[in-house]
Amino acid sequence: MDREIPNDKISGEKMKSLLENPLVQLRGDNYYREAIRYFQSPYGEIHQESLESGEFHKKLSRITFSILRSLSREEIAEVVWETLENWVKNRQQPIQITNLFTEIRPLMIVVMFKLLFKENISSKQLSIYSKAIENLHDTLKGTALRSHSIRRKMYEDIKEQVKSQHFCSFFQKKDLEELDNEILAKHIGGVFFHTGVVQILEFICHTLVPICQIQEIKNNLQEYVSKLNWYPQWEEIDTYNYLDYVCNESLRLFPLIGKTNRQVSETFTSEDISFEKNSVLYINFYKNHRLHWDNPEEFKPNRWDENSAEATAKQIRKDNFLPFGTAPRTCPAESFSRNIGKLFIIGILKYTDFKIPTKYIHTRRIPEGVPVVMSLNSCAEKIRSTTINKSRDVSASDLLISLENSLDAIDESASVELSIRKIVNQIFRDLQKGSFRLAVFYPLIRDVDIWFNFYLRKIQKK
Numbered sequence: 013m014d015r016e017i018p019n020d021k022i023s024g025e026k027m028k029s030l031l032e033n034p035l036v037q038l039r040g041d042n043y044y045r046e047a048i049r050y051f052q053s054p055y056g057e058i059h060q061e062s063l064e065s066g067e068f069h070k071k072l073s074r075i076t077f078s079i080l081r082s083l084s085r086e087e088i089a090e091v092v093w094e095t096l097e098n099w100v101k102n103r104q105q106p107i108q109i110t111n112l113f114t115e116i117r118p119l120m121i122v123v124m125f126k127l128l129f130k131e132n133i134s135s136k137q138l139s140i141y142s143k144a145i146e147n148l149h150d151t152l153k154g155t156a157l158r159s160h161s162i163r164r165k166m167y168e169d170i171k172e173q174v175k176s177q178h179f180c181s182f183f184q185k186k187d188l189e190e191l192d193n194e195i196l197a198k199h200i201g202g203v204f205f206h207t208g209v210v211q212i213l214e215f216i217c218h219t220l221v222p223i224c225q226i227q228e229i230k231n232n233l234q235e236y237v238s239k240l241n242w243y244p245q246w247e248e249i250d251t252y253n254y255l256d257y258v259c260n261e262s263l264r265l266f267p268l269i270g271k272t273n274r275q276v277s278e279t280f281t282s283e284d285i286s287f288e289k290n291s292v293l294y295i296n297f298y299k300n301h302r303l304h305w306d307n308p309e310e311f312k313p314n315r316w317d318e319n320s321a322e323a324t325a326k327q328i329r330k331d332n333f334l335p336f337g338t339a340p341r342t343c344p345a346e347s348f349s350r351n352i353g354k355l356f357i358i359g360i361l362k363y364t365d366f367k368i369p370t371k372y373i374h375t376r377r378i379p380e381g382v383p384v385v386m387s388l389n390s391c392a393e394k395i396r397s398t399t400i401n402k403s404r405d406v407s408a409s410d411l412l413i414s415l416e417n418s419l420d421a422i423d424e425s426a427s428v429e430l431s432i433r434k435i436v437n438q439i440f441r442d443l444q445k446g447s448f449r450l451a452v453f454y455p456l457i458r459d460v461d462i463w464f465n466f467y468l469r470k471i472q473k474k
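Be aware that the sequence shown starts at 13, since it is given in our numbering, and climbs by one per residue.
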């Protein structure tokens, strides 16, 4: 018998244990898999979340994990800050009525393209990718039909990009030998551009709306943002727990995975409830996030603060908060999505003042055309009016000199690798303090192995 969970007999805690049960891991043919194939196709129907467990699923999962492991938080931050700064500099209308989705969507595409392919997206490519992702979004809403021609152009471009040396460096040789460029392009397009851009974009927008509408939350965050450095480091961001509370509350109300399903592979009984072979469980995370919470439709970040009188019991938060699913099918990009989301939220608050109509009710999904009056603030105007003495180029020879001068700092009693990492990290910090832009010299030392070999040769000569 098919059923939706959670329900009167199956609680959120029980639902979580079922999702972790190896007998409830196949996708149901009649709902989720076919939905993904429809909305992602043509050219995007290969998506690891629409596949049954097996060797092909494992191969695609390895591709996804290889990419995510290779993207450091520092690289993600640098690309996001650079993108936001360029957006501020090039925005033709400092004050205008816009909407969050259409304003942030091209920025998300720019960031994703740069992280994956290590080069800037052209205006022509940006137009193609934007139209393809917009078409997917409109198809999901039921306001448009799938456009074969628009999506084909994006996937053809991705197929060319995955041939690049930078992109291939993410993977082991055997991984690439097992998948041709056609399959790889479909997978990358489906996971990172269709699903990734759209879902992270929704996360950002669903978080910014209540920030704008609830003055106490806005004041707390703006006070924090005003004290941040020009390009905040992760140490500054990680120590501010309130931002995590706000993001968690946004993900509670609007989880990235709203609904999914599982198929039972063998009949079994759990706590007097029988689950028949081939029956389908429809998992409703959206509903689960509203069980056992006080005033569940209210946006209350203090639910997550254990020191607050409004804090929700830890066990409830553990069992009834699954915005990225749960093992073994949990979303592999949870940290990646949170990191990009937090950086965009900080950046938008740092560089803009925006207002949303107070009549909008946040407990409904944001309509595409929600109007926003957005203006660049004084911080953004400084970027537009000056280079802030951060544009000095760093040549390869400058960096080599800095590295060679640091050789004396190597502690012979420590491991060579650890010492090198410390030195490189210190150089990064020193160059930043010296008004150097990380984006200028980061590509020069992206391949850490080259620098390790360089150090080893120097050490052997001593």
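Here a beta-carbon is modelled for each residue, glycine too, at the ideal position from N, C-alpha and C.
Would you tell me roughly how many angstroms separate the C-alpha atoms of residue i and residue j, rounded to the nearest one?
i	j	result
R85	F348	8 angstroms
F179	Q173	7 angstroms
E228	P313	11 angstroms
K299	F113	25 angstroms
K21	E64	27 angstroms
I216	N232	18 angstroms
I368	L119	20 angstroms
E94	T338	33 angstroms
L96	Q104	14 angstroms
L456	I88	Here the model assigns L456 a pLDDT of 41, short of 50, so the residue's position is not dependable, and the following value carries that caveat. Going by the C-alpha atoms only, they are around 17 angstroms apart.
E393	D14	57 angstroms
S78	Q137	25 angstroms
D306	I328	11 angstroms
D192	R163	19 angstroms
K239	H149	36 angstroms
K26	E283	9 angstroms
S134	E16	45 angstroms
E309	K326	19 angstroms
N319	L263	21 angstroms
Y69	T251	Looking at the sequence shown, residue 69 is not Tyr but His. Near 37 angstroms, if we compare the C-alpha coordinates of T251 and H69.
L334	I212	16 angstroms
W246	E115	25 angstroms
How about residue i and residue j: are their beta carbons less than 8 angstroms apart?
i	j	result
Q37	P340	yes
E235	N241	no
I223	V258	yes
F183	L128	no
G208	I170	no
F356	E346	no
A144	M124	no
L265	F311	yes
K289	T279	yes
T272	I295	yes
V384	N102	no
V100	I395	yes
H199	I121	no
E190	K71	yes
So is residue i buried or exposed if we call it buried at 16+ other beta carbons inside 10 Å?
i	result
S397	exposed
A321	exposed
S139	exposed
R81	exposed
N351	buried
K160	What sits at residue 160 in the sequence shown is His, not Lys. H160 comes out exposed.
S142	buried
E214	buried
N132	exposed
S181	exposed
G353	buried
Identify every residue that forms a DSSP beta bridge with residue i.
i	result
M386	Q108, F366
G337	P335
S286	T281
L38	Q275
Y16	One point to set straight first is that residue 16 is Glu, not Tyr, in the sequence displayed. E16 pairs with Y294.
Counting only the same chain and skipping the five closest in sequence on each side, list residues whose C-beta sits under 6 angstroms from that of residue i.
i	result
G7	Residue coverage of the chain in this structure runs from 13 to 474, which leaves residue 7 outside it and unanswerable.
L30	V36
R274	V36, L293
L196	V174
I269	F297, G337
N253	none
E287	With the sequence shown as reference, residue 287 is identified as Phe, and Glu is not the correct amino acid for it. Result list for F287: V276, F280, in chain order.
F366	V384, M386
Sorted by chain position, which residues of the same chain lie with C-beta nearer than 7 angstroms to residue i's C-beta, five sequence neighbours on each side aside?
i	result
I360	L220
N260	W316
Y363	L96, V100, L388, N389, C391, A392
Can you name, in chain order, every residue of its own chain whose Cβ lies under 8 angstroms from the Cβ of residue i, other than the five neighbours on each side?
i	result
E32	T338, A339, P340
I358	V237, L240, P244, I249, L255
L83	L127, F348
Just to confirm, does residue i get its C-beta within under 7 angstroms of one of the non-hydrogen atoms of the ligand GTP?
i	result
M27	The model on display carries no ligand, and the ligand GTP is accordingly not part of it.
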